[in-house]
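Each protein sequence line maps, in turn, to chains A and B. To convert a position in the first sequence, counted from 1, into my numbering, add 8. To convert a position in the second sequence, counted from 1, into my numbering, add 4. Here a beta-carbon is modelled for each residue, glycine too, at the ideal position from N, C-alpha and C. Keep in mind it's a predicted model, so treat the numbers as computed, not measured. First comes the structure, then the notes that go with it.
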Amino acid sequence: MFDDDTSAARRDFLRKSLTLIPVVTLASAGFPSGAFAQTPASDVQQSLPAGPGAAAAAGDYTPTFFTPQEWAFLIAACDRLIPSDHVGPGAVELGVPEFLDRHMQTPYANGGIWYMQGPFLEAAPEFGYQGRLNLRETLRVGIKAMDAHCKKTYDGKVFAELSSAQQEDLLKAAESGKLALEDIASKLFFSNLLNEVRNGYFADPSHGGNKNMGAWKMIGYPGMRADYTDWITVRDKPYPLAPVDLSGRRG
Amino acid sequence: MANVKPKVDAVIVGMGWTGAIMAKELTDAGLNVVVLERGADRDTQPDFAYPKVVDELEGSVHRRYLQSLAQETVTVRHNLTSTAVPYRQMGSFKPGTGVGGAGSHWSGCHFRALPEDFKLRTNVEQRYGASFIPSDMSIQDFPVSYEDLEPHFDHFEYVCGTSGKAGIISGVKQPGGNPFEGSRSREFPLGPNPNYLGAEMFYGAAREMGWDPYPIPASNASAPYVNPYGCQMGPCNACGFCSDYGCLNYSKASPNISILPVLRQRKNFELRTHAQVLKVNLDSDGKKATGVTYLDAQGREVEQQADLVLLCAFSLYNVHLMLLSGIGKPYDPQTGEGTVGRNYSYQNLNRVVLFFNKEVQANQFIGIGGAGTTMDNLNGNQLDNAKAGFVGGGIIWARQPGGGPVRGINVPPGTPNWGTAWKQAASDAFRHSFYFEVQGACMSYKQHYLSLDPTYKDGFGRPLLRINFDWHDNEIKASQFLVGKALEMSKILNPVALAGDAKKPGEHYNITKYQSTHTCGGAIMGSDPKTSALNRYLQSWDVHNVFAIGANAFPQNNGYNPTGMVGALAYWSAKAIREQYLKNPGPLVQA
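If you want it as structure tokens, here you go:
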């Protein structure tokens with residue numbers, strides 16, 4: 009299924025995520041995808057025959073917002089956007105999908121601090137987002153539209169089932185806005201997705217991503233130390249301390 | 005039927021810098037003062053306490069310390085014929101809310117305007133002739149002088165523990181300071197903060213350009229300090245969480261730590277939070293305010309009667325309240341009549357990023373909000389505007405308020421936004437890059453103004469404020485000129501890559517990208533009631549017991565951060581109220 013995939017992190021992740029395989033298979037075998045679209049993953053799992061390890065979706069984390077189909081998309085997309093490579097850890101191994109699932113359940117993702125009253129008019133890009141979808145709806149509608157596009161174009165396969173190269177091409181096309189999707193502008197979906205993946209990758213581990221402060225270690229960010237009195241004028245050597253997180257764990 | 009509260013001497017709308025200053029001054033004078041703040045109460049403990057406050061996701065994504073746009077926002081359009089759309093997500097500017105307001109999440113840059121900034125139109129006309137000013141440019145002189153405000157600039161700096169180096173004291177030049185500034189009565193209360201690498205390198209490059217670099221005056225304490233009110237500040241520990249955040253360390257001056265500790269003890273001061281003021285109430289002939297109507301925390305309408313109404317909200321919302329309440333005549337850009345909403349201006353901010361190799365320890369996670377290095381050689385009368393081709397000047401600075409990866413990592417031009425190449429570039433750049441910024445003046449124009457939106461409403465059913473604004477050729481030329489100089493200076497430092505974002509001809513105002521919270525004008529001070537909403541004491545020309553304190557009073561914006569000027573104007577206005585208005589309530593200037 010992922011023969012051409014070279015990402016060890018993703019292979020390992022998917023191996024642990026046993027529940028994903030049957031769901032994706034069901035979906036691509038003609039199971040109506042609409043049945044999953046607005047259903048919390050936990051409900052879906054209850055309605056499916058529980059295979060071995062069914063409760064242990066996504067490593068140690070079971071999504072409660074995203075459906076298994078959406079979850080599979082996000083794992084694949086995270087792995088393309090921030091892959092595991094020689095530079096440092098990837099988004100999947102740092103738990104960014106977990107961050108996304110949890111972040112979607114905050115008031116922020118529900119448009120809590122955005123002005124969401126109509127009328128919703130089209131405007132030049134300088135005026136920013138003028139649509140009526142909040143963040144969680146943007147991701148959800150976008151994932152569904154991307155998968156629908158993939159199925160139509162790639163012989164019934166969803167995004168997660170495509171090769172890395174195909175996935176990258178699709179993401180590039182979405183980034184530039186060239187990809188035509190039903191229901192949502194691909195560029196809007198992509199920019200929100202990338203933004204959220206980066207947030208999860210770099211935010212404090214308490215939010216679900218950046219496990220073991222892996223992203224901070226990669227870039228040399230001391231995290232939440234918040235006291236550099238002794239280092240403002242030091243020029244000749246790198247900052248010496250590893251990061252600390254909000255809970256006080258030292259990296 | 006509104007619940008009516010017993011009359012007080014003064015009601016203040018908003019508990020930010022100007023509200024705190026006015027409350028302090030008026031309670032000093034023995035008045036009973038009620039402050040109505042739309043947001044929550046906030047203080048260092050527990051709201052800004054470590055480590056919770058330094059959570060980047062909460063501070064810079066969820067915007068915990070800023071105003072939510074869900075209930076109140078503005079609409080924006082570029083020209084008079086298009087339909088404005090709402091500012092739905094925080095971008096271009098970041099108003100605050102809650103006790104402290106934007107004064108709790110500012111960086112700390114604390115400038116005084118230059119003497120020539122106060123008489124801008126006269127100065128430009130004298131230097132270059134009246135025809136040098138574009139016909140649609142509506143710049144005006146301030147109705148006060150630098151000398152009028154000097155004692156108040158000085159006092160506010162001492163309240164804030166501003167750390168810097170004077171350039172001129174009592175007419176005598178001081179080495180190390182800004183040689184072009186207006187004369188000060190004394191040295192800053194605290195010496196400058198230490199230089200991080202970018203600020204240090206700026207010194208070298210600026211001197212090579214023939215400029216006169218000096219430390220940015222910063223209200224981030226460089227040493228332990230007790231202000232004239234007895235409020236304590238501790239030295240800044242360079243934590244890197246200034247802009248967007250409350251200070252965890254009692255180091256960044258704010259209404260919360262610099263004034264409120266005194267106010268909270270006073271029996272003649274009452275602070276009501278979650279009190280959303282809906283309008284100022286006027287008497288039957290509209291000449292006098294009787295108080296304000298607000299929604300309390302339970303959503304009940306309450307009427308607070310008062311002899312004096314002080315509008316101390318964020319500049320945009322002061323104008324909003326005046327328009328909603330019928331204080332003064334709304335400005336009409338077609339006829340040029342009316343004054344409320346007139347002369348909205350902004351700030352012309354541009355950035356240059358310098359990338360270095362791994363031997364250069366820029367450490368941009370270290371930050372002291374307002375501190376750094378700047379220079380005035382392209383500002384005020386130092387700039388030959390005829391040669392440069394535009395009105396107004398600006399400053400270039402190296403400033404490092406502190407950056408973490410959620411707030412964004414600058415990468416060299418041409419880097420992809422994701423994948424291995426992006427990871428590599430972000431990892432290479434994070435500790436080894438810094439930026440310089442160009443902070444340019446922004447002139448006012450006949451077509452740039454504030455009005456009520458005809459379509460969109462806030463969460464209380466009131467029309468939103470509409471901003472009519474776009475970049476004018478004058479500001480685009482200024483951006484190109486000043487960014488060009490910043491790039492020229494940056495090349496001296498031999499970065500491995502360099503990026504600059506000068507505005508392009510025809511470029512439009514983009515509300516999605518953070519530039520500056522320095523929204524100015526809309527209810528400006530002036531000497532003629534036909535062209536200003538407020539007189540020289542920030543008193544409404546039309547309703548004498550209403551004063552509107554804030555950057556709304558600027559006829560146009562200069563190249564500096566506005567807070568120093570806003571604080572000085574508040575003390576100036578308070579002095580006039582205490583010494584003149586209370587003895588003889590009525591217009592302080594005869595129209």
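Which stretch, first to last residue, makes up the alpha helix (DSSP H) that contains residue i?
i, result
"Trp21 (chain B)", "Trp21 to Asp32"
"Asp13 (chain B)", "That residue, Asp13 (chain B), is in no alpha helix (DSSP H); its beta strand (DSSP E) goes Asn7 to Val17."
"Ser105 (chain A)", "The sequence given here has Pro at residue 105 (chain A), not Ser. Val104 to His111 is the span of the alpha helix (DSSP H), which, as asked, contains Pro105 (chain A)."
"Leu178 (chain A)", "Ser172 to Ser184"
"Leu275 (chain B)", "Run containing Leu275 (chain B): none in the alpha helix (DSSP H); it sits in the beta strand (DSSP E), Phe273 to Arg276."
"Lys160 (chain A)", "Leu143 to Thr161"
Among all the DSSP beta bridges, which residues are the ones paired with residue i?
i, result
"Gly504 (chain B)", "B:Val356"
"Cys524 (chain B)", "B:Ser349"
"Gln309 (chain B)", "B:Gly295"
"Trp401 (chain B)", "B:Thr378 and B:Glu441"
"Val205 (chain A)", "DSSP lists no partner for Val205 (chain A)."
"Asn472 (chain B)", "B:Arg81 and B:Tyr453"
"Phe558 (chain B)", "DSSP, once it has assigned bridges, lists no residue as partnering Phe558 (chain B)."
"Phe551 (chain B)", "B:Leu314 and B:Gln543"
Taking the beta carbon of residue i as the centre, do at least 16 other beta carbons fall within 10 Å, making it buried, or is it exposed?
i, result
"Phe318 (chain B)", "buried"
"Arg190 (chain B)", "exposed"
"Asp212 (chain A)", "buried"
"Gln365 (chain B)", "buried"
"Ala339 (chain B)", "Sequence check: residue 339 (chain B) is Thr here, not Ala. It is exposed - the Cβ of Thr339 (chain B) has fewer than 16 other Cβ atoms within 10 Å."
"Arg92 (chain B)", "buried"
"Ser55 (chain A)", "With a pLDDT of only 37 at Ser55 (chain A), under the threshold of 50, the placement of this residue in the model should not be trusted; the figure read from the coordinates follows. Classification for Ser55 (chain A): exposed."
"Asn7 (chain B)", "exposed"
"Glu341 (chain B)", "exposed"
"Pro127 (chain A)", "exposed"
"Lys98 (chain B)", "buried"
"Asp163 (chain A)", "exposed"
"His94 (chain A)", "exposed"
"Lys152 (chain A)", "buried"
"Leu70 (chain B)", "buried"
"Asn498 (chain B)", "exposed"
"Asn83 (chain B)", "exposed"
"Ala170 (chain B)", "buried"
"Lys614 (chain B)", "The first residue shown for chain B is 5 and the last is 595, placing residue 614 (chain B) beyond what the model contains."
Counting only beta-carbon atoms, is residue i nearer than 8 angstroms to chain A?
i, result
"Cys113 (chain B)", "no"
"Val128 (chain B)", "no"
"Met19 (chain B)", "no"
"Thr22 (chain B)", "no"
"His278 (chain B)", "no"
"Glu60 (chain B)", "yes"
"His324 (chain B)", "no"
"Val410 (chain B)", "yes"
"Gln365 (chain B)", "yes"
"Gly95 (chain B)", "yes"
At what residues does the beta strand (DSSP E) containing residue i begin and finish?
i, result
"Asp457 (chain B)", "Tyr453 to Lys461"
"Thr439 (chain B)", "According to the sequence displayed, residue 439 (chain B) carries Tyr and not Thr. From DSSP, the beta strand (DSSP E) with Tyr439 (chain B) extends over Ser437 to Gly444."
"Lys1 (chain B)", "Absent from the structure is residue 1 (chain B), since the part of chain B shown begins at 5 and ends at 595."
"Val39 (chain B)", "Val37 to Leu40"
"Glu185 (chain B)", "It is not in any beta strand (DSSP E) - Glu185 (chain B) carries neither H nor E in the DSSP assignment."
"Leu73 (chain B)", "Run containing Leu73 (chain B): none; DSSP gives neither H nor E here."
Counting only beta-carbon separations shorter than 8 angstroms, does residue i have a partner in chain B?
i, result
"Tyr162 (chain A)", "no"
"Phe243 (chain A)", "It is worth fixing the name first, because residue 243 (chain A) is Arg in this sequence and not Phe. True, the Cβ-Cβ gap to chain B drops below 8 angstroms."
"Ser55 (chain A)", "Because the pLDDT of Ser55 (chain A) is 37, which lies under 50, any placement of that residue in the model is unreliable, and the number read from its coordinates should be weighed accordingly. So no, Ser55 (chain A) is outside the interface."
"Asn220 (chain A)", "no"
"Asn118 (chain A)", "no"
"Pro246 (chain A)", "yes"
"Asp109 (chain A)", "no"
Specify whether the stretch 404–424 of chain B and the stretch 486–493 of chain B touch according to this definition: at least 3 beta carbon pairs, one from each stretch, less than 8 angstroms apart.
No: the two stretches stay apart, fewer than three of their Cβ pairs being nearer than 8 angstroms.
Do the stretch 30–38 of chain B and the stretch 269–282 of chain B touch if we need at least three Cβ pairs shorter than 8 angstroms?
Taking a contact to require three or more Cβ pairs closer than 8 angstroms, the stretch 30–38 of chain B and the stretch 269–282 of chain B qualify as touching.
Is there contact between the stretch 504–512 of chain B and the stretch 343–354 of chain B, where contact requires at least three CB pairs shorter than 8 angstroms?
They touch, by the three-pair rule.
Check whether the stretch 169–176 of chain B touches the stretch 454–465 of chain B, counting contact only when three or more Cβ pairs, one atom from each stretch, lie closer than 8 angstroms.
Using a C-beta cut-off of 8 angstroms, the stretch 169–176 of chain B makes no contact with the stretch 454–465 of chain B, since fewer than three inter-stretch Cβ pairs fall below that distance.
Can you confirm whether the stretch 552–570 of chain B touches the stretch 115–133 of chain B when touching is taken to mean that 3 or more C-beta pairs between the two stretches lie within less than 8 angstroms?
Touching, per the Cβ criterion.
Evaluate contact between the stretch 74–92 of chain B and the stretch 124–139 of chain A, counting only Cβ atoms and requiring at least three cross-stretch pairs below 8 angstroms.
As far as the Cβ criterion goes, the stretch 74–92 of chain B touches the stretch 124–139 of chain A, which means the pair count is three or higher.
Sufficient close CB pairs (3 or more, under 8 angstroms) joining the stretch 209–229 of chain A to the stretch 73–88 of chain B:
Contact between the stretch 209–229 of chain A and the stretch 73–88 of chain B is absent, because fewer than three Cβ pairs lie under 8 angstroms.
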